[in-house]
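Right, one structure below, let's go through it.
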Amino acid sequence: MKNYSILLAVAFSLVLWSNTASAEIIVHVGNVTVDAGTNALVQVTATGDENLTSFDTPFDIGNDGFPNIAPTGLTLIDVVSAEPFGTGLFFNAAENLQEDLIVNDVSLATGVLLDSSPTLLFTMEFAVGNSVPSGTVFDLTVIRDDKFVINGTSNPGPGTSPVVDVNNGSITVSAVPEPSSLALAALVVCGITLRRRRSS
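Letter by letter, the sequence shown follows residues -23 to -1, 1 to 177 in mature numbering (1 follows the signal peptide of the UniProt record, and there is no 0).
Written out as structure tokens, the structure reads:
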């Protein structure tokens, strides 16, 4: 019985330790699928139980190293800040908006208290070229999670508190839609009908 109590105490301690080691803010970069020749809107949201006071978010676009020229066929159009962040958002991308991206907002004042419902931080708009092959995936990777400032303190990184985790996102170019089985069946029926008319 004593050994059982010790095991329970150890298990409870491990649960407490794992809870304290979990992220206090989780940043989510959207995953979207669009057709070639259209624009992709990618939302960046956050959940957690802390006060986010600012962020300075570098993105590696295309998973080819940072900083680097963005992949062919993808052009950054705009970055739009969300309420309650107001107009303090800045984004920075050289080469006529063709390079990797840094998005920051340093004017959050008292900050935004996050909770379990996703809070929209900003939306990135990209143009996908007409000639981008179907099935192409453009990764959108946040390369520094220590640039999210919580309660006025920068996230110091893994193993410390506060902790920020990032779920990276992507833009996927739609595959060319194949004819559905119903459409194929309709073609077969039409073919049989025409054949019967010709033979009669």
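C-beta atoms are modelled at their ideal positions from N, C-alpha and C, and glycine is treated no differently.
Beta-carbon within less than 6 angstroms of residue i's beta-carbon, same chain only, minus the 5 sequence neighbours each way: which residues are those?
i, result
"V114", "S147, T149"
"L18", "T100, E102"
"V21", "V6, L98, F99"
"G14", "N107"
Which class does residue i belong to by DSSP, given the choice of helix, strand or coil?
i, result
"V6", "strand"
"P48", "coil"
"S111", "coil"
"N144", "strand"
"A23", "strand"
"I120", "coil"
"D12", "coil"
"P95", "coil"
Note down, in chain order, each residue of its chain lying with its Cβ closer than 8 angstroms to the Cβ of residue i, except the 5 sequence neighbours on either side.
i, result
"L51", "I38, G39, F103, A104, V105, G106, V109, F115, I148"
"S94", "T24"
"N16", "I54, E102, F103, A104, V105"
"N144", "I3, V4, H5, V6"
"E1", "G25, D26, E27, I127, S138, P139, V140, V141"
Between the options, which has its C-alpha nearest residue i's C-alpha?
i, options, result
"T96", "A17, A13, S58", "S58"
"T30", "V140, S151, F125, N145", "F125"
"V89", "T34, D26, S111", "D26"
"F36", "N28, T49, L53", "L53"
Assuming contact is defined by CB atoms lying nearer than 7 angstroms, are residue i and residue j in contact in what I supplied?
i, j, result
"D142", "I3", "yes"
"L117", "V6", "yes"
Going by DSSP, what residues sit across from residue i in a beta bridge?
i, result
"N28", "L90"
"E102", "L18, D55"
Within a Cβ cutoff of 7 angstroms, which residues of the same chain sit near residue i, ignoring the five residues on either side of it in sequence?
i, result
"S151", "T10, V11, D12, S111"
"N8", "G146, S147"
Taking 6 angstroms as the cut-off, is the CB of residue i close to at least one heavy atom of the ligand GTP?
i, result
"S147", "Judged by which ligands are present, the structure shown has none, so any question about the ligand GTP falls away."
Can you find a CB in chain B that lies within less than 7 angstroms of the CB of residue i?
i, result
"G146", "In summary, chain B is missing from the structure at hand, where a single protein chain is found."
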